Amino acid sequence: MTTEAADSAEAVGIIAPAADPGFLQRHGGTIEYVLIPGAALVAALAVFGIFVMLSGKDPLDLYFYMYYGAFGTWFSWQNTLTRAAPLILTALCTALPAQLGMVIIGGEGALLIGALTATSAALALQGLPPLVIQIAMVCAGVIGGGLWIMLAGALRQYRGVNETISSLLLVYIALAILNHLVEGAMRDPASLNKPSTREIGAANMIGTIPGTDVHWGLVFGVIAAIAAYILIYHTVFGFAARIAGGNIRAAKIVGLGVSKLILTICFLAGGAAGLAGMVEVAAVQGRTNANLAAGYGFTGILVAFLARQNPLAIIPVAILLGGISASGGLLQRRLGLPDASVLVLQGIIFVFVLASDALYGRIGFLKGKS
Amino acid sequence: MADGSIGLWTVPLAVLGGAIRVSTPFLFVSLGECITERSGRINLGLEGTLVMGAMSAYGISYLTGSPWLGVLAAGITGALLGALHAGICSLPRVNDVAVGIALMLFGTGLAFYLGKPLIEPTAPRLPAIDFGWWSDIPQVRAALRVNVLFLIGVALAPILYWAFRTTRWGLLIRTAGESSDAARAMGHSVLLIRLRATMVGGFLAGIGGSFLSLFYPGSWNEGLSSGQGITAVALVIFARWDPLLCLWTSLAFGGAAALGPALQSVGVTSGYHLFNAAPYILTLAIMIITCSPKRTLTGAPAELSITR
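Residue numbers (the numbering used here), protein chains in the order written: chain A, 1 to 370; chain B, 371 to 678.
Here you go:
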């Protein structure tokens, strides 16, 4: 895939065709990857506008408040970026296995397990310097989430269990484990109404990026996405993974260790989602409780599909969807829409994005003369 | 124990009652999914269909006062969602698994959106038939209060088994599922067969949802179904696409799902959440035992993308 940063490709696409007649033939593919999901997004927004109009609200108000709540002010930008951080990481949980042709939708489960293991590490190491605790939390979160999704990968590889279903079942099991521990062994006796673990301590929180209210989780996410991009497109390992994803028999014939590929990729994928759980604990909640099951794992699936499983494209898409969920509060307050309206919009976007898959290679002016 | 007369017998009784009561949504979703998958397509969106069915059944039952109209509305809603799934899947190069995931999120989101005003009011519920009239023990009577939908589902399983084997429609669905080329050669539109199969599957899944909101647990809230739809989809794989096996496994899953509340009722509360996860753990365990990387599953429709 010829991949450039999505934004620059769009900018070039607008200016260059007049000067260079061969441009469309060479970059048609890249333009498609921006144009088609973009069109799907616009169509989804239009349908959502009609939907909202049917419940008696003005769609223009809707679009205004969505923009205002997502990107209108510095405050809403910070809210958006804060929500984008876990979305980048959970989207990687779907996008990395997708390189191998696997559909993993259990990022929510890995997030919860990562939050649990990270919290356990922090509580076990209380008294050590904050930096040590934070590093231990990152490691614990990545390992916990990584092993969780690696389980789905191993079941697929060694037992032929469908990874889509098993990873989703693991979400419910992870939630049960979390509730069990939070209401039992790990419960803070002081948390009466909302059973929670003890707090990891204010000193051990990872804090915000200087000058903003956005926590460092965003930086974790961006670094993870760039690292995933380099891994997939610029290393031998990633090349092998893409071969195995394209044709598993060819990969076996040339002697690639498919089992190792699957387990490693699944570990990294789950590790990313586990890191999201760690970030939510260490930057937002300060403890583990049922609040963590906020659906970031499920929105991450949509982010990955909208970004066409490209780790780099995940960053802007996560910001976009983070913005949509950030505007949910404003839609609730100003327009009186239920909080589930964000879920409806996400569902409509997902449907349109998948339906738009049929358009690739069919847009006349991008096909060239042949 | 509060009920000194039967003591710990409460647990197996509640599991039996659960097998009858809790299994109904599993049964309807799995039978519906069985039809869809036999036609060569998988609809993972039935989780969303289940929740939408539950919401629309509750809403219609509340508005009209007739729970049976609610059941019908749930079925129609499910069929529409099935048509949406099939419609998108008919487009070239669209992956049915991904569309299912999308519709799962869409269905639950839409149900939460439209169902917001339904959390407070109480809608008329479906009636139950009392098969436990002969007993004096309240637990036995409670366990044997059976809903008509359960009986319909139980009857539906052998009918489907028979229909798949002997009727024209059953044969067409199986042909589309085993070899779309063969169906096309016979002059049938595979897309149309799959559209109908997915719509019927959605219809049944919607009815399964109506059971959730109109009988057991018998109210509408956002935590009504947590993964029962997807468990039922996995159950079809375990049941080898056989409607009769779907019936037995649904009963087993209903019993497993009733274990947590049953143990809680006799005072075992420590592992409550873990016991509630029993159906998911059971599903996973069963899939681990029965699947194999070396061979495709016996009975799997050849066109099904999920068993490749």
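C-beta atoms are modelled at their ideal positions from N, C-alpha and C, and glycine is treated no differently. Note that the structure is a prediction, hence the values are computed from the model and not measured.
Residue range of the beta strand (DSSP E) that Asp500(B) falls in? Numbered from 1 along the second sequence, position 130 holds the residue referred to as residue 500(B). First-last of the beta strand (DSSP E) with Asp500(B): 498-500.
So, is Ser120(A) buried or exposed, given that buried needs 16 or more other C-beta atoms within 10 angstroms? The residue labelled residue 120(A) in the question sits at position 120 within the first sequence. Buried.
Just the Cα atoms here: how many angstroms apart are Leu615(B) and Ser662(B)? Start at 1 with the first residue of the second sequence, and residue 615(B) comes out as number 245. Start at 1 with the first residue of the second sequence, and residue 662(B) comes out as number 292. For the pair Leu615(B) and Ser662(B), the Cα-to-Cα distance works out to about 19 Å.
Closest Cβ-Cβ distance between Ile265(A) and chain B: below 8 Å? The sequence position of residue 265(A) within the first sequence is 265, counting from 1. Closer than 8 Å: no.
Taking only beta-carbon atoms, is Leu168(A) less than 8 Å away from chain B? The sequence position of residue 168(A) within the first sequence is 168, counting from 1. Output row for Leu168(A): interface = yes.
Could you name the residues that DSSP lists as bridge partners for His215(A)? Within the first sequence, numbered from 1, the residue matching residue 215(A) stands at position 215. In the DSSP output, where bridge partners are listed per residue, His215(A) has Thr208(A).
Could one say the Cβ of Ser400(A) lies closer than 8 Å to chain B's Cβ atoms, at least one of them? Any property of residue 400(A) remains undetermined from this structure, which presents chain A solely from 1 to 370.
Going along the chain, which residues of the region 614-642 of chain B sit with their C-beta nearer than 9 Å to a C-beta in chain A? Against chain A - using a Cβ distance shorter than 9 Å - the residues of the region 614-642 of chain B are Ser640, Gly641, Tyr642.
Given this structure, state the Cα-to-Cα distance separating Pro508(B) from Gly387(B), to the nearest angstrom. Walking along the second sequence from the start, residue 508(B) turns up at place 138. Walking along the second sequence from the start, residue 387(B) turns up at place 17. A direct Cα-to-Cα measurement between Pro508(B) and Gly387(B) gives close to 12 Å.
Chain-order list of residues whose beta-carbon lies under 6 Å from that of Gly114(A) (same chain, five-residue window excluded): As a working note, residue 114(A) is residue 114 in the first sequence. Cβ neighbours of Gly114(A) beyond the five flanking positions: Gly141, Gly144, Gly145, Gly274, Gly277, Met278.
Can you round the beta-carbon distance between Ile600(B) and Ala567(B) to whole angstroms, since I take them to be within the 8 Å contact cut? Against the second sequence, residue 600(B) aligns to sequence position 230. Against the second sequence, residue 567(B) aligns to sequence position 197. With a Cβ gap of about 19 Å, Ile600(B) and Ala567(B) do not count as contacting.
Only counting the same chain, and skipping five residues up and downstream in sequence, which positions put a Cβ closer than 6 Å to that of Ala609(B)? Start at 1 with the first residue of the second sequence, and residue 609(B) comes out as number 239. The answer, listed in chain order, is Leu615, Cys616, Thr619.
Residues that Asn289(A) bridges to, as DSSP identifies them: Numbered from 1 along the first sequence, position 289 holds the residue referred to as residue 289(A). Bridge partners of Asn289(A): Ser196(A).
Using beta carbons (cut-off 8 Å, strictly below), is Ser589(B) in contact with chain A? Position 219 of the second sequence holds residue 589(B). No, because no Cβ of chain A sits closer than 8 Å to the Cβ of Ser589(B).
My guess is that Met205(A) and Ala282(A) are in contact by the Cβ rule of under 8 Å, so how many angstroms apart are they, rounded? As a first step, residue 205(A) must be located in the first sequence, where it is residue number 205. As a first step, residue 282(A) must be located in the first sequence, where it is residue number 282. About 6 Å; that satisfies the 8 Å criterion.
One question on the structure: do Leu92(A) and Ala272(A) come within less than 8 Å of each other, judged by their Cβ atoms? By 1-based counting over the first sequence, the position of residue 92(A) is 92. By 1-based counting over the first sequence, the position of residue 272(A) is 272. In contact: Leu92(A) and Ala272(A) (Cβ atoms closer than 8 Å).
Taking DSSP as the reference, what is the three-state secondary structure of Asn310(A)? For the purposes of this step, residue 310(A) is taken as the residue at position 310 of the first sequence. Coil at Asn310(A), not helix or strand.
Using only alpha-carbon positions, find the residue among Thr82(A), Leu175(A), Arg26(A) that is nearest to Thr212(A). Locating residue 212(A) in the first sequence gives position 212, counting from the first residue. Looking at the Cα atoms, Thr82(A) is the closest of the given residues.
Any idea what DSSP makes of Val254(A), helix, strand or coil? In the first sequence, residue 254(A) corresponds to position 254, counting from 1. Three-state DSSP puts Val254(A) in coil, outside helix and strand.
Distance cutoff 8 Å, beta carbons only. Does Leu432(B) sit that close to anything in chain A? Position 62 of the second sequence, counted from the start, is the residue given in the question as residue 432(B). Note on identity: in this sequence residue 432(B) is Tyr, with Leu being the wrong assignment. Not closer than 8 Å to any Cβ of chain A, the Cβ of Tyr432(B) fails to qualify, so no.
The region 426-438 of chain B contacting the region 627-646 of chain B, beta-carbon criterion three pairs below 8 Å: They do not touch, by the three-pair rule.
How many Å lie between Leu331(A) and Asp339(A) at the Cα? The residue labelled residue 331(A) in the question sits at position 331 within the first sequence. The residue labelled residue 339(A) in the question sits at position 339 within the first sequence. Answer to the nearest angstrom: the Cα atoms are 8 Å apart.
Quick check: the Cα distance between Ile200(A) and Gly184(A), rounded to an integer number of angstroms? As a working note, residue 200(A) is residue 200 in the first sequence. As a working note, residue 184(A) is residue 184 in the first sequence. So the two alpha carbons sit approximately 18 Å from each other.
As assigned by DSSP and simplified to three states, the class of Asn517(B): Position 147 of the second sequence, counting from 1, holds the residue named residue 517(B). DSSP places Asn517(B) in strand when its eight states are reduced to three.
My output table needs one value for Thr380(B): the three-state DSSP class, helix, strand or coil. Taking the second sequence and counting its residues from 1, the one referred to as residue 380(B) is at position 10. The answer is helix: DSSP assigns Thr380(B) an H, G or I state.
Rounded C-alpha distance that separates Glu417(B) from Gly22(A): Here residue 417(B) is taken as the residue at index 47 of the second sequence, counted from 1. Here residue 22(A) is taken as the residue at index 22 of the first sequence, counted from 1. Between the alpha carbons of Glu417(B) and Gly22(A) lies a gap of roughly 48 Å.
Within the same chain, show all residues whose beta-carbon is closer than 6 Å to that of Leu565(B), passing over the 5 residues directly before and after it, in chain order. In the second sequence, residue 565(B) corresponds to position 195, counting from 1. Ala456, listed in sequence order.
I need the straight-line Cα distance from Arg495(B) to Thr80(A), nearest angstrom please. In the second sequence, residue 495(B) corresponds to position 125, counting from 1. In the first sequence, residue 80(A) corresponds to position 80, counting from 1. Arg495(B) and Thr80(A): Cα-Cα distance of roughly 43 Å.
What residues in the region 449-479 of chain B have a beta carbon less than 8 Å from any beta carbon of chain A? Leu454, Ile458, Leu461, Pro462, Arg463, Val464, Asn465, Val467, Ala468, Val469, Ile471, Ala472, Leu473, Leu475, Phe476, Gly477, Thr478, Gly479
For Leu128(A), count neighbouring C-beta atoms within 10 Å of its own C-beta (all shown protein chains included) and say buried if the count is 16 or more, exposed if not. For the purposes of this step, residue 128(A) is taken as residue 128 along the first sequence, with counting starting at 1. Exposed: under 16 other Cβ atoms inside 10 Å.
Cβ of Leu378(B) within 8 Å of Cβ of Ala513(B)? For the purposes of this step, residue 378(B) is taken as residue 8 along the second sequence, with counting starting at 1. For the purposes of this step, residue 513(B) is taken as residue 143 along the second sequence, with counting starting at 1. No, Cβ-Cβ distance for Leu378(B) and Ala513(B) is not below 8 Å.
Check distances from the C-beta atoms of the region 151-166 of chain A to those of chain B and list, in chain order, the residues that come in under 9 Å. The region 151-166 of chain A vs chain B, Cβ under 9 Å: Leu155, Arg156, Gln157, Tyr158, Arg159, Gly160, Val161, Asn162, Thr164, Ile165, Ser166.
Below 8 Å on C-beta distance, what does Ile600(B) contact in chain A? Stepping through the second sequence from its first residue, residue 600(B) is reached at position 230. Correct list: Ile165, Leu168, Leu169.
Give me, in chain order, the residues of the same chain whose beta-carbon lies closer than 6 Å to that of Gly470(B); leave out the 5 immediate sequence neighbours on both sides. Within the second sequence, numbered from 1, the residue matching residue 470(B) stands at position 100. Annotation for Gly470(B): Asn413, Leu414, Gly415 place their beta carbon closer than 6 Å to its own, counting only its chain and skipping 5 residues before and after.
Could you tell me how far apart the beta carbons of Leu116(A) and Leu178(A) are, in whole angstroms, since I believe they sit closer than 8 Å? Here the question's residue 116(A) lines up with position 116 in the first sequence. Here the question's residue 178(A) lines up with position 178 in the first sequence. Yes, they are in contact, since the Cβ atoms of Leu116(A) and Leu178(A) sit about 6 Å apart, within 8 Å.
Check whether the region 351-363 of chain A touches the region 567-587 of chain B, taking contact to mean three or more Cβ pairs, one atom from each stretch, closer than 8 Å. no
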